[in-house]
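53 is the number that the UniProt record's numbering gives to position 53 of the sequence shown; each next residue is one higher, with no gaps. Structure first, commentary second.
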Amino acid sequence: MRIGRAVDKFLYFLQNEKNCSEHTIKSYSKDLNDFIDYLQDENIRINEIDFFLLRGFIAGCYERKLAKATVERKISTIKSFYKFLTLRKIIEDNTAKPLKFPKKEQKSFNIFNIDDLFNLLEAPDKESAAGLRDALILELLYATGVRISELVGIEISDIDFSGKRLRVMGKGKKERIIPLADIHLKMIKDYSKNKDKIPKNRTVKTPRLFINKFGTALTDRSVRRIVDKYLKISGLPSNFSPHDFRHSFATHMLEGGADLRTIQELLGHSSLSTTQKYTHLNLSELLKIYDKTHPKSK
């Protein structure tokens, strides 16, 4: 089979069988097209590509001085592609198996001091509809640990007021349930009663919970601007980001006594490590641990 045809089959598999996000599929497609460009022959057959060609492609990435994270992603793409080819018996041997990842760089991230964070959460002016929205955004980022993409995707139908829980759609279209505290349910109700006042002489045109002044759904970029605005008002460092709420959520839960598997469940991570299997907790257990350990659950 020619490599172009094999790549098409792999991308079809990712979209229709693995239900990968559009962003993930674009990343795989970009990396594999980069590999085809390196081969300089889109008609080359898969079984003609040996390990030395694969290693040459990765060596070329280093020579181009690509970031380690980018090289690691390209290696991961090649490995996933060849694993697919092997499982589908398109090739007999997994030529990419010996490829090694670069040594990981230790990433640093910011954790909010709880007192500073609580001051930040109080910064929005709750007398206005936009202030109620901003306050709710900050609260949910910290109280639930959701990603920005998950936050802007929330619809009012995703909130179970009687069950005190929120449904979010995570990476790979995986659904998960997150407990909500009474204070956040009240904030959602207060904001929902006033959200129609945010658009200027416009009607709301989206089922999404968070909207902008045009009546359309708030974007990731808008949330970043909102967070930056209140960081400045609160006198906190500008290098904090919306994702640091997620790091702080996990850290504060852990410090409060929650176990790693609970945090794993709440954050929607697929595994604790590359080798450790995922263990589900039932919802009642999650609710109890959240109520006991999260600073905003009281």
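Where is the CB? At the ideal position from N, CA and C, for every residue including glycine. Note that this is a predicted model, so its numbers are computed, not measured.
Exercise for review: Locate the beta strand (DSSP E) running through ARG64, then write down its first and last residues.
Suggested key: Counting along the chain, ARG64 falls outside any beta strand (DSSP E), and DSSP gives it neither H nor E.
Point to revise | the region 82-91 / the region 118-134 touching (three or more Cβ pairs under 8 Å) | key: no
Exercise for review: State yes or no: is the C-beta of GLY56 nearer than 6 Å to some heavy atom of the ligand MN?
Suggested key: Questions concerning the ligand MN fall outside what the structure shown contains, since it holds no ligand whatsoever.
Check your understanding: In terms of DSSP beta bridges, what is ARG208 paired with?
Key -> GLU155
Point to revise | Burial state of HIS23 (16 or more Cβ within 10 Å) | key: exposed
Point to revise | Identified DSSP bridge partners for ALA123 | key: Answer is none; ALA123 lacks a bridge partner.
Check your understanding: Just reading off the beta strand (DSSP E) that MET169 is part of, what are its end residues?
Key -> 165-169
Check your understanding: From LEU54 to GLU63, what does the alpha carbon distance come to, in whole angstroms?
Key -> 14 Å
Exercise for review: Please determine, among VAL152, ASP182, ILE183, ALA181, the residue with the shortest C-alpha to C-alpha distance to VAL168.
Suggested key: VAL152
Review point. Quick one: what's got a C-beta closer than 7 Å to TYR38's C-beta in the same chain, skipping five residues either side?
Key: PHE57, GLY60
Check your understanding: Leaving out the 5 sequence neighbours to the left and right, which residues in its chain are closer than 8 Å to GLU155 when beta-carbon positions are compared?
Key -> PRO207, ARG208, LEU209
Practice item. Quick one: residues in its chain with C-beta nearer than 7 Å to the C-beta of ILE226, no 5 flanking neighbours on either side, listed in chain order? Key: ASP134, ILE137
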